[in-house]
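Residue numbers for the sequence shown follow UniProt numbering, beginning at 1 and rising by one. For every residue, glycine included, the Cβ atom is placed at its ideal position computed from N, Cα and C.
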Amino acid sequence: MAKKSRQANKPIISFPKVILMPIANFLAREVKRLEERKQNLFKRDPFKDADRIVDNAASDTDAAEQDGHAQVTAMARHTDRRLIQIKKALAKIRLGQYGVCERCGQMIDTDRLMVMPETTICVHCEQKKES
Ligand SMILES: [Zn+2]
1 MAKKSRQANK
11 PIISFPKVIL
21 MPIANFLARE
31 VKRLEERKQN
41 LFKRDPFKDA
51 DRIVDNAASD
61 TDAAEQDGHA
71 QVTAMARHTD
81 RRLIQIKKAL
91 AKIRLGQYGV
101 CERCGQMIDT
111 DRLMVMPETT
121 ICVHCEQKKE
131 S
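Below is the structure:
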């Protein structure tokens, strides 16, 4: 006997493929774009420059390098967070749970999804998280 695993609280409403496909394509493109950006970021990181390890004389240059490194690290972290978020949204599409808030299980407002297609929580939970 074939047993289907079904969650009790899983909402029945889900987005039709016509809507999900463009979103999935958009998100997949974003993943590619962000991954490329991340690679470019690391190329720009002055700490990746092997010469600087030997050259310790100029403290001014060092400070600028520190700044550059901090900036690259911050941007990389931001890019990483977005990547994780987008991949999570893509996984939700695959699972047929896209548009469902992962915190309260309610449907996420479509207006919100239009602006932030990678979001996985509803506006109410977002507000709760921020406050
Ligand atoms: Zn919610």
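Chain D contact for residue i (CB, 7 Å cutoff)
{"i": "P46", "result": "Among the chains of the structure shown, chain D does not appear; only one protein chain is present."}
Element boundaries [alpha helix (DSSP H), containing residue i]
{"i": "E30", "result": "17–44"}
{"i": "M114", "result": "110–115"}
{"i": "E126", "result": "123–130"}
Residue i beta carbon near ligand 1 (any heavy atom closer than 6 Å)
{"i": "Q106", "result": "yes"}
{"i": "R103", "result": "yes"}
Cα-Cα separation between residue i and residue j, rounded to whole angstroms
{"i": "K48", "j": "M107", "result": "45 Å"}
{"i": "Q39", "j": "G99", "result": "30 Å"}
{"i": "S14", "j": "L34", "result": "28 Å"}
{"i": "A2", "j": "G96", "result": "Residue placement at A2 cannot be trusted, given a pLDDT of 47 that sits under 50; the coordinates are not used to answer."}
{"i": "N25", "j": "E65", "result": "38 Å"}
{"i": "S131", "j": "D109", "result": "20 Å"}
{"i": "A91", "j": "G105", "result": "16 Å"}
{"i": "V72", "j": "L41", "result": "6 Å"}
{"i": "K129", "j": "D60", "result": "41 Å"}
{"i": "L20", "j": "H124", "result": "23 Å"}
Q: Mind the definition here: the region 16–30 touches the region 64–80 only if three or more C-beta pairs lie below 8 Å; say whether that holds.
A: no
Q.
Could you check whether the region 78–96 touches the region 108–126, counting it as contact only if at least three pairs of C-beta atoms, one from each stretch, sit closer than 8 Å?
A. yes
(Q) Which complete alpha helix (DSSP H) runs does the region 65–115 hold, if anything under 4 residues is left out? (A) 110–115
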